[in-house]
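Residue numbers (my numbering): 80 to 436.
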């Protein structure tokens, strides 16, 4: 079965080639070594990480472990969860996080010549991407973003004017600038898919900004490894050509949100995969560890803990695979309509229960 073949091929690749680098980079905090990006590119793993689609046509995937035509969301799930076995969360995000969240808007909405150029650069491991939509004022609330783009002849000028904040205020030439924060891969990215308030027409415009004068990044130390390259980003009178607008220039909110469900699904895959890796290590340890002359697993209280861990893990995996199966049978619009919205439904029902004030 192709899913098992892919799992075996990815596990072998990760254990033999990626794992040593992952542990070293988690220790020193640097991004993944360039040869890892190149080895992934040889096997077309960056393309596979974006899920099924026409971008896989004609490619040889991990030495032929799976055909492009049969690659589905379950293959993607397998890849993500195998990555969890590296025990290097920051490294994983540094390896593929920026591409995973920033390339889909380019693939869907960029001008064809620009799209093809960047896809080739990224899939070959030569260039890196980052999605710049998070600020101290706006996280998943993309509509609240305060980075602004002003229309000028031939393009846009991007700045981050803001109300002063203890966390984000930067004064330069008398202007208050906002720093975008927690931008994964920002320290080493070559391109930034950036959401901005459209000062001229209203709404949000999404711009593909190449690293240039006026765009500065600075490492931000988070609770996990700096191998992820998480950054503060500042935009100071950065010029962006009209050709680098992604999609309709007032429809940026929809463009940015279009990949959010896929991103959250991938986070669930990784979270459950990490739990499985933890349980696996626990099972190995209790079989090795001796207490009172017996293996630790002989203790009933330990077996009870392990049983509870496994029950939680498999419950989550079952739900995840249920959603994944439905993803293989639905397009994005159907997924948003039929699979998402449980929280909204609960809020709506709660309003009805409480009634008017």
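For glycine and all other residues, C-beta sits at the position ideal for the given N, C-alpha and C.
query                                                                                                                                                        : result
My output table needs one value for residue 50: the three-state DSSP class, helix, strand or coil.                                                           : In this structure the chain extends from 80 to 436, so residue 50 is not present and cannot be described.
Which one or two residues does DSSP pair with residue 374 in a beta bridge?                                                                                  : 369
Report the three-state DSSP secondary structure of residue 223 (helix, strand or coil).                                                                      : helix
For the beta strand (DSSP E) that residue 318 lies in, which residues bound it at each end?                                                                  : 317-320
Taking the alpha-carbon of residue 186 as reference, which of 107, 134, 294 has the nearest alpha-carbon?                                                    : 134
Rounding to the nearest angstrom, what Cα-Cα distance links residue 192 and residue 293 in this structure?                                                   : 25 Å
Quick check on the DSSP output: the alpha helix (DSSP H) that includes residue 309 runs from which residue to which?                                         : Per DSSP, residue 309 belongs to no alpha helix (DSSP H) and is neither H nor E.
DSSP three-state label for residue 330, please.                                                                                                              : strand
Which partner residues does residue 209 have in the DSSP bridge list?                                                                                        : 271
Between the C-alpha atoms of residue 120 and residue 204, what's the straight-line distance to the nearest angstrom?                                         : 6 Å
Whole angstroms are fine: how far does the CA of residue 124 sit from the CA of residue 118?                                                                 : 9 Å
Mind reading off the beta-carbon distance from residue 284 to residue 221? Whole number of angstroms is fine, and I expect it under 8 Å.                     : Rounded, the Cβ-Cβ distance is 12 Å, inconsistent with contact.
Assuming residue 315 and residue 290 form a contact by the criterion Cβ under 8 Å, report the distance between their Cβ atoms to the nearest whole angstrom. : Going by Cβ atoms, the distance from residue 315 to residue 290 rounds to 13 Å, so no, they are not a contact pair.
Check the DSSP bridge columns for residue 432 and list the partner residues they point to.                                                                   : Paired residue(s): none; residue 432 is not in a bridge.
State the beta-bridge partners of residue 229 as determined by DSSP.                                                                                         : 236
Which value, in whole angstroms, describes the spacing of the CA atoms of residue 279 and residue 149?                                                       : 45 Å
Could you check the C-alpha separation between residue 132 and residue 432 for me, to the nearest Å?                                                         : 43 Å
DSSP on residue 416, reduced to helix/strand/coil?                                                                                                           : helix
I need the straight-line Cα distance from residue 212 to residue 130, nearest angstrom please.                                                               : 22 Å
Can you tell me whether DSSP reads residue 145 as helix, strand or coil?                                                                                     : strand
Rounding to the nearest angstrom, what Cα-Cα distance links residue 94 and residue 165 in this structure?                                                    : 8 Å
What do you get for residue 425, buried or exposed, if any count of 16 or more other CB atoms within 10 angstroms of its CB means buried?                    : exposed
Using only CA atoms, which one of 82, 317, 365 lies nearest to residue 228?                                                                                  : 317
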